[in-house]
Amino acid sequence: VGTYGGGLNKFDRASQTFTNYRHDPKNPHSLSDDHVRVIHESPDEPGILWIATYGGGLNRFDTTKGTFTHYRHDPNNPTSLRHDFIWAMYEDRAGALWMGTIGGLSRLNRQEIKKAGNTVGVKFTNYQHEAKNAQSLSQSYVTSICEDWTGMLWVGTSDGGLNRFDPK
Numbered sequence: 100v101g102t103y104g105g106g107l108n109k110f111d112r113a114s115q116t117f118t119n120y121r122h123d124p125k126n127p128h129s130l131s132d133d134h135v136r137v138i139h140e141s142p143d144e145p146g147i148l149w150i151a152t153y154g155g156g157l158n159r160f161d162t163t164k165g166t167f168t169h170y171r172h173d174p175n176n177p178t179s180l181r182h183d184f185i186w187a188m189y190e191d192r193a194g195a196l197w198m199g200t201i202g203g204l205s206r207l208n209r210q211e212i213k214k215a216g217n218t219v220g221v222k223f224t225n226y227q228h229e230a231k232n233a234q235s236l237s238q239s240y241v242t243s244i245c246e247d248w249t250g251m252l253w254v255g256t257s258d259g260g261l262n263r264f265d266p267k
């Protein structure tokens, strides 16, 4: 269960108890932020949860180890996550994770993580609104993402309406 301010909570049905995972500034392997927006488990990665936060970027949670790996925005790195405030997350049919942030759309190829083995060298592909480019996002505050049967992504924005995006 993701909460807004209370971190991530795991319910154990047998004992009827919760385990709480929260941000601990002294522990680099804790949850990056206590405002959890989206939780996703990829079908090909059992035991791995992707946790999108509203302020702490993206987390890869290894449930067997109980550790979090953080993917954050770095203003000096154009291939980092577009923004740390994530509003939506979607996994497409190719297994890429798409994050809708308040600064645009970020795509993470999970195969790169498997190659790199950690956060070093992991690159996001980013998209944002560009005033002089009619083919860019209509607005950078992305609120929803889904994929249709043809592989097109439909990206909803806060004030810019709906965008149809061909990931190819």
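Counting in the numbering used here, the sequence shown runs from 100 upward without gaps.
Beta carbons: idealized from backbone N, C-alpha and C, even for Gly.
Quick caveat: nothing in here was measured; it's all calculated off a predicted structure.
1. Nearest to residue 133 by CA position, among 143, 151, 226 and 140, is which residue?
2. Tell me where the beta strand (DSSP E) around residue 137 begins and ends.
3. What whole-angstrom Cβ distance do residue 242 and residue 186 have, given they're in contact under 8 Å?
4. Quickly, what does DSSP pair residue 256 with across the bridge? List them, please.
5. Which residue wins for smallest C-alpha separation from residue 200, given the options 247, 121, 146 and 256?
6. Can you grab the Cα-Cα spacing for the pair residue 155 / residue 171, in whole Å?
7. Please list the terminal residues of the continuous beta strand (DSSP E) segment that includes residue 233.
8. Since I believe residue 188 is in contact with residue 137 (beta carbons under 8 Å), could you give me their beta-carbon distance rounded to a whole number of angstroms?
9. Less than 6 Å between C-beta atoms, sequence neighbours within five positions excluded: which residues of the same chain meet that for residue 264?
10. According to the Cβ coordinates, are residue 196 and residue 181 closer than 8 Å?
11. Suppose the cutoff is 7 Å on Cβ atoms and the five residues either side in sequence are ignored; what does the same chain contact list for residue 192 look like?
12. Is the CB-CB distance between residue 110 and residue 153 below 8 Å?
13. Around the Cβ of residue 169, are there at least 16 other Cβ atoms within 10 angstroms (buried) or fewer (exposed)?
14. Could you work out which residue in 194, 115 and 234 is closest to residue 140 when comparing CA atoms only?
15. Short check: CB of residue 128 to CB of residue 167, under 8 Å?
16. With DSSP run on the structure shown, which of helix, strand or coil describes residue 201?
17. Figure out for me which residue from 204, 101 and 177 has the closest Cα to the Cα of residue 221.
Taking the geometry as given:
1. It is 151 whose Cα lies nearest to the Cα of residue 133.
2. Going by DSSP, residue 137 is part of the beta strand (DSSP E) stretching over 135-140.
3. The C-beta separation of residue 242 from residue 186 comes to about 5 Å, placing the pair in contact by the 8 Å criterion.
4. Listed as beta-bridge partners of residue 256 by DSSP are 241.
5. The residue with the shortest Cα to Cα distance from residue 200 is 256.
6. Taking the straight line from one Cα to the other gives about 7 Å.
7. Counting along the chain, residue 233 falls outside any beta strand (DSSP E), and DSSP gives it neither H nor E.
8. Between residue 188 and residue 137 the Cβ distance is about 4 Å, and since that is below 8 Å, they are a contact.
9. In the same chain as residue 264, and ignoring 5 residues on each side of it, the C-beta atoms closer than 6 Å to its own belong to 252 and 254, in chain order.
10. Judged by beta-carbon spacing, residue 181 lies beyond the 8 Å limit of residue 196, meaning their Cβ atoms are not closer than that value.
11. In the same chain as residue 192, and ignoring 5 residues on each side of it, the C-beta atoms closer than 7 Å to its own belong to 246 and 250, in chain order.
12. No.
13. When all chains shown are included, residue 169 counts as buried.
14. Restricting attention to 194, 115 and 234, the CA atom closest to the CA of residue 140 is found in 194.
15. Contact flag set, yes.
16. In the structure shown, residue 201 sits in coil (DSSP, three-state: anything other than H, G, I, E or B).
17. Ranked by how close their Cα comes to the Cα of residue 221, the residues 204, 101 and 177 have 177 in first place.
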